[in-house]
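From first to last, the protein sequence lines stand for chains A and B.
Numbering of the first sequence is given in the working numbering, commencing with residue 1 and proceeding in unit increments.
Numbering of the second sequence is given in the working numbering, commencing with residue 147 and proceeding in unit increments.
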Amino acid sequence: MRRVVALVFALAAATACVPTARTPGPYAAKAVKTADAVRSAIESDLLVLDAVRKGHTLATYVSVATSDAEDHASSAGSTFLSIQPPDDRSDQLRDDLSTLLNDAEDVLGDARIAGRRGDRDALLFTRAGLRRAADELDRFSQAHGG
Amino acid sequence: MKRLVTVALGILTAIGGFVDIGELVTGTAVGARFEMRLAWATGLSVVTIIVFAEMSGRVAAVSQRPVFDLVRERLGPRFAFANLVASFGITLATVAAEIGGVALAIELATSVNYVLWVPLVALLIWLVIWRVKFELMENVFGLLGLALLVATVAVWQLHPDWSDVAHQVFHPTKPATESAPSYWYYAIAMFGAGVMPYEVFFFSSGAIEDHWTEADLITARANVFIGFPIGSLVTLSLALGAALVLAPRQIEVSSLYQAALPTTQALGTWALVVVIIGFFACTFGAALETTLSCGYSLAQYFGWQWGKAVKPKHDARFHLALIVVILLATCVMLTTIDPVKITEFVIVLSAACLGDDHQRQGGDRDDQQHE
């Protein structure tokens, strides 16, 4: 009995920290959810940029908002990438999304750097890149049932 | 005239003090995700908290005894202890969430990481509880919390299609993109955000601190019946602002700064400053209330001397409990756990905990009528 209990606890401990998707369907659903989460962070940044363009905001607020958006996107991306893809098709899905996530993180990073420096022009310059990354993630999400 | 001023001040304080971190986060998140389709949950929570607060204030004013004192006497120490553990646990987690909320508000104004502000916020909470008179503390943070009414002005400036808003409010169907469990989870969260257990303990104990008698019931009822519904307008304004600005862009709310985005879009820099002051005031006020509620419930259950009006040397255990509560909540926040996540956890548990309180207070109300 003790061995059974120990085995149950060991299994619970081993699986507790690793997000899983044993079949392609749930894996694809998690990919879509991740794409949506990262796109949401980018859209938040775009709203902040709108406010910056109109002179409707504070430097400290912009700094916090752009940092939070990057952190949120990075956290969502790394959680997805840590999931073991269940088959070859899922490998391809992972590669596709990974490229989009890298692009998104790059441009969110640029926005964060400009935001923290209080460099208005550089921040507004990231707008096109953010828009492109958001649209690509949206297309990915639509293509995979999002 | 003096009575009128007292009643008006009480109403304004109730409006400003109605919102806390739970409503800030949940109102915005729900608006961004479900637009106004869950406004009914806020309406239901306002009616519920009105019933609870009016009842607990009346019981305290008439009997001159607060909630936990009566719970232990009427239901026995074992049942009361189980309730104490549940409500104290939730309120302690709420203290942590509110401290985190204050620190996040200061972060928005300074861009210095919120974790660095947590110990200072904790110290400030303790100093205010130690030094500032109950009435002054209640009024200052309640009135400053009125700053959040700027979110209502922002909604007006965003020119919503009111017929569409009314349709969503009165025909609350689940969006096709959402699952039923998700809809009901957020409905419970929206309800729970408005009916945190600490609100009842604080209202009941505050009645004793303010020396309410039956003559003060009119003030209490004005606070509850006028102040709370107007206070809930702030929550609904945050939700509607999010529905108008965040929902079309499918933005998921995960941070406090996003709650300020609709107001900033609509009204500009001055409104952003006002809304950050509102965030600070309402979370700080709620941090004071939750901390005191923890001390009140412990002291009332164990029969200790308690109250801000009592000199600390005469209610040392009560003040020690407050210090321990602040330290525990601070330690939780220093683990860098996300205050928004704690808030989400707390509000879903809150609704369940108050069901128990309702039974107890219903019993006490019946006893009052018999007496």
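Cβ atoms here follow ideal geometry from the backbone N, Cα and C, with glycine treated the same way.
Taking 9 Å as the threshold, the shortest C-beta distance from residue 422 (chain B) to chain A falls below it. Remark: C-beta atoms of residue 65 (chain A) and residue 48 (chain A) approach each other more closely than 9 Å. Taken through DSSP and simplified to helix, strand or coil, residue 460 (chain B) comes out as coil. Taking 9 Å as the threshold, the shortest C-beta distance from residue 46 (chain A) to chain B falls below it. About 40 Å separates the beta carbons of residue 318 (chain B) and residue 480 (chain B), which is beyond the 8 Å limit, so they are not a contact pair. Boundaries of the alpha helix (DSSP H) around residue 411 (chain B): 403-413. Taking residue 157 (chain B) as the centre and dropping the five residues before and after it, the same chain places the C-beta of 368, 369, 372, 373 closer than 7 Å to its C-beta, in chain order. For residue 54 (chain A), the closest Cβ of chain B is nearer than 9 Å. Between residue 124 (chain A) and residue 436 (chain B), the alpha-carbon positions lie close to 42 Å from each other. Taking a 10 Å sphere around the C-beta of residue 78 (chain A), we find fewer than 16 other C-beta atoms and assign the residue as exposed. With fewer than 16 neighbouring CB atoms inside 10 Å of its own CB, residue 482 (chain B) falls in the exposed class. For residue 27 (chain A), no chain B residue has a C-beta closer than 9 Å to its own C-beta; the minimum C-beta separation is roughly 19 Å.
Not one beta carbon of chain B lies nearer than 9 Å to the beta carbon of residue 99 (chain A). DSSP places residue 127 (chain A) within a helical segment (H, G or I) once states are collapsed to three.
Contact between residue 170 (chain B) and residue 402 (chain B) is confirmed by a C-beta separation of about 7 Å, below the 8 Å threshold. Per DSSP, reduced to three states, the secondary structure at residue 322 (chain B) is coil, with no helix or strand assignment. Look at residue 22 (chain A) here: in three-state DSSP terms it is coil, with no helix or strand label. Out of A:30, A:38, A:27, A:26, the CA that lies nearest to the CA of residue 131 (chain A) is found in A:38. Following the DSSP letters along the chain, one finds residue 283 (chain B) inside the alpha helix (DSSP H) bounded by residues 280-290.
As the crow flies, the alpha-carbon of residue 384 (chain B) is around 7 Å from that of residue 405 (chain B). For residue 245 (chain B) and residue 91 (chain A), the gap between their C-alpha atoms comes out near 43 Å. The segment 45-121 of chain A contains, as complete alpha helix (DSSP H) runs of 4+ residues, the segments 59-81, 88-117 (chain order). Within chain B, the residues placing a beta-carbon under 7 Å from that of residue 68 (chain A) are 401, 403, ordered along the chain. Taking a Cβ-Cβ cut-off of 8 Å, the neighbours of residue 397 (chain B) in chain A comprise 40, 43, 44, 47, given in sequence order. Against residue 415 (chain B), the close residues of chain A are 55, 56, 57, 58, in the order they occur along the chain (beta-carbon pairs closer than 8 Å). Nearest to residue 492 (chain B) by C-alpha distance, out of B:334, B:418, B:453, is B:334. Comparing alpha-carbon positions, the option among B:164, B:486, B:179 lying closest to residue 329 (chain B) turns out to be B:179. With fewer than 16 other Cβ atoms inside 10 Å of its own Cβ, residue 323 (chain B) counts as exposed. The beta carbon of residue 144 (chain A) does not come within 9 Å of any beta carbon belonging to chain B, so the residue lies off that interface. At a C-beta separation below 7 Å, residue 65 (chain A) has these neighbours in chain B: 403. Not a single C-beta of chain B is nearer than 9 Å to the C-beta of residue 112 (chain A). Between residue 126 (chain A) and residue 110 (chain A) the beta-carbon gap is near 5 Å, inside 8 Å, which marks them as a contact. Within the segment 251-267 of chain B, the residues whose Cβ lies closer than 7 Å to any Cβ of chain A are, in chain order, 253, 254, 255, 256, 257. In the pairwise beta carbon analysis, the segment 71-90 of chain A is classified as touching the segment 26-33 of chain A: at least three pairs are separated by under 8 Å. Cα atoms of residue 358 (chain B) and residue 455 (chain B): separation of roughly 14 Å, rounded to the nearest angstrom.
Inter-segment contact for the segment 213-228 of chain B and the segment 417-435 of chain B is absent: fewer than three beta-carbon pairs are separated by less than 8 Å.
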